[in-house]
Amino acid sequence: MLKSKENRVLAISTIIIGVLAGMGSLALSLFYDVIEHLFLRYNETTWSPVAWAAGGKIRLISLVVGGILAALSWWFMRTKMKPTVSINQGLDGKKMPVGTTALHVFTQIFFVGVGGSVGKELAPRELGAMLSQTWQRFMSKFTPVQLSPEDRKLLVAAAAGAGFAGVYIAPITGTMFSLELLLKRIDQRSILVSLTMSIEAMLVGSLLKGFHPYYGVGNGKFSLISTLVVLVVGPVCGILGSLFRKLFKWANAHQTRDNKLLWQLPLVALLTGLIAFYFPEIMSNGRPLAQTAFATTNAGFILKVLLIGAVLKALVTVLSLRAGASGGTLTPSIAIGAVVGVTFGIVVNHFFPAVPIWETGLLGASSLLAASQQAPLMALFMIFEVCHLNYSALLPLGLGVCLAVITSKYILKKAH
Numbered sequence: 273m274l275k276s277k278e279n280r281v282l283a284i285s286t287i288i289i290g291v292l293a294g295m296g297s298l299a300l301s302l303f304y305d306v307i308e309h310l311f312l313r314y315n316e317t318t319w320s321p322v323a324w325a326a327g328g329k330i331r332l333i334s335l336v337v338g339g340i341l342a343a344l345s346w347w348f349m350r351t352k353m354k355p356t357v358s359i360n361q362g363l364d365g366k367k368m369p370v371g372t373t374a375l376h377v378f379t380q381i382f383f384v385g386v387g388g389s390v391g392k393e394l395a396p397r398e399l400g401a402m403l404s405q406t407w408q409r410f411m412s413k414f415t416p417v418q419l420s421p422e423d424r425k426l427l428v429a430a431a432a433g434a435g436f437a438g439v440y441i442a443p444i445t446g447t448m449f450s451l452e453l454l455l456k457r458i459d460q461r462s463i464l465v466s467l468t469m470s471i472e473a474m475l476v477g478s479l480l481k482g483f484h485p486y487y488g489v490g491n492g493k494f495s496l497i498s499t500l501v502v503l504v505v506g507p508v509c510g511i512l513g514s515l516f517r518k519l520f521k522w523a524n525a526h527q528t529r530d531n532k533l534l535w536q537l538p539l540v541a542l543l544t545g546l547i548a549f550y551f552p553e554i555m556s557n558g559r560p561l562a563q564t565a566f567a568t569t570n571a572g573f574i575l576k577v578l579l580i581g582a583v584l585k586a587l588v589t590v591l592s593l594r595a596g597a598s599g600g601t602l603t604p605s606i607a608i609g610a611v612v613g614v615t616f617g618i619v620v621n622h623f624f625p626a627v628p629i630w631e632t633g634l635l636g637a638s639s640l641l642a643a644s645q646q647a648p649l650m651a652l653f654m655i656f657e658v659c660h661l662n663y664s665a666l667l668p669l670g671l672g673v674c675l676a677v678i679t680s681k682y683i684l685k686k687a688h
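Residue numbers (the working numbering): 273 to 688.
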């Protein structure tokens, strides 16, 4: 009987938290659109993600002013408020403070909205995890039935994944994030809770964005040549992804959290703004650079501009994290991988013109993402979902993420 009551509480909590995570994601998406429009005077779309129309001066001012305001917000939060609690700490039962977490996640979205170079996917995950903890504390006051520590942990992990699903309209990716990166286990109970929450959050989040692809690419079948190409692209992106992982891990471990944040983050924002004055593709969470890579067919542009852009994107992302900014690294990884993939695509397209360059770009994006996050399933389904790919993409993408993770594990192990 007791187990039956626990299951009912778990089921009710799953439904409620899924809706809450979706509403949180919706609020963050709306806030992002408002900030982007206010500072850069435009709103990005799938096929127009670069703030070219804003002009170099507006882009520079946006990043400088936004960087100063974000620095003030993070400085106040880290010196005057309760310390932030990470999702992994929350999984272990440590309380995520409501006020600190709320300010933290909205500051992340603000920084990306003004053009700061970090991913915006961490914020909805942290917000979802905090809302899950808050709901569980609320429920404990009204029911004598207590969930087991494993179920409480499951609800937090599933909510974090649901937050991602609500922003990117990607329920399988949200589920895989919960299972592969947070819980590190796959069983029927975990799948049911995580997938249900992610689907709910996706439906709520879609009220604003609809069901459009996040990255615009072709919709045809992947060629068999891609399966051969990924034999090279996968390991190369595995090496580069492991290097990028080491860099952002270092940046997060040595992140500025004291008064130095007040000048270091604005300085990095100024550097980003000066680059964005001429090359706005390095701004924001990586979508502008990735989409530009997927859309281009000009070999000279890829070699002379995008490769430099990928290096600069990695640089300003790592410097932003080191200087005190918080944010994700998934979408910057996709951007860098996309550039690597389309670079290979130039060569492939020369010998096999029927293979589109965006196809090899996706192979690079998924492979480097898998290596940088050490999550092959999450990377595979993220690219598949956010690009609305044909089923034929699963074979080359799946092979690529496996090769990339195997290679990266060797590199990371050697580093230790």
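Glycine residues also receive a C-beta, built at the ideal position from the N, C-alpha and C atoms.
Item: Using the three-state DSSP reduction, which class does Gly387 fall into: helix, strand or coil?; Value: coil
Item: Would you call the segment 360 to 374 and the segment 566 to 581 touching, i.e. three or more CB-CB distances under 8 Å?; Value: no
Item: Can you check the segment 366 to 453 for any alpha helix (DSSP H) of at least 4 residues that lies completely inside it and give the ranges in chain order?; Value: 370 to 385, 394 to 412, 421 to 440, 443 to 448
Item: Are the beta-carbon atoms of Cys659 and Pro552 separated by less than 8 Å?; Value: no
Item: Taking only the alpha-carbon atoms, compute the straight-line gap between Arg517 and Leu593 and give it to the nearest angstrom.; Value: 12 Å
Item: For Gly600, write down the residues that DSSP places opposite it in a beta bridge.; Value: Gly391
Item: Could you please give the first and the last residue of the uninterrupted alpha helix (DSSP H) stretch that includes Ile359?; Value: 359 to 363
Item: State yes or no: is the C-beta of Gly296 within less than 8 Å of the C-beta of Leu403?; Value: yes
Item: Here's the rule I'm using: 16 or more other beta-carbon atoms within 10 Å means buried, otherwise exposed. How should Lys493 be labelled?; Value: exposed
Item: Between Leu684 and Thr544, is the Cβ-Cβ spacing less than 8 Å?; Value: no
Item: Three Cβ pairs or more, each shorter than 8 Å: is that satisfied between the segment 675 to 682 and the segment 504 to 521?; Value: yes
Item: Report the three-state DSSP secondary structure of Asp305 (helix, strand or coil).; Value: helix
Item: Excluding sequence positions up to five away, which residues of its chain have a Cβ less than 7 Å from the Cβ of Asn524?; Value: Leu593
Item: Counting only the same chain and skipping the five closest in sequence on each side, list residues whose C-beta sits under 6 Å from that of Leu264.; Value: The shown model of the chain, from 273 to 688, leaves out residue 264, and the question about it has no answer.
Item: So the alpha helix (DSSP H) Ala525 belongs to, where does it begin and stop?; Value: 496 to 525
Item: Any chance the segment 273 to 293 sits against the segment 460 to 475, with 3 or more Cβ pairs inside 8 Å?; Value: yes
Item: CB-CB under 6 Å to Leu607, same chain, minus the five flanking residues each way: which ones, in chain order?; Value: The residue you asked about is not Leu; residue 607 is Ala in the sequence shown. Closer than 6 Å at the Cβ level, and outside the excluded window around Ala607, lie Gly558, Leu561, Ala562, Lys585.
Item: Can you tell me which of the three DSSP states His751 falls into?; Value: One cannot answer for residue 751 here, as it falls past the ends of the chain, which runs 273 to 688.
Item: Cutting at 6 Å between CB atoms, please list the residues of its own chain near Leu282, excluding the five before and the five after it.; Value: Asp423
Item: From the DSSP output, in three-state form, read off His622 for me.; Value: helix
Item: Just the Cα atoms here: how many angstroms apart are Lys681 and Ser514?; Value: 8 Å
Item: Which ranges does the alpha helix (DSSP H) cover as unbroken runs of at least 4 residues, wholly within the segment 309 to 355, from first to last along the chain?; Value: 328 to 352
Item: Report the option in Pro625, Phe623, Glu452, Leu641 whose CA atom is closest to the CA atom of Val611.; Value: Leu641
Item: Using the beta-carbon count (16 or more within 10 Å), is Gly636 buried or exposed?; Value: buried
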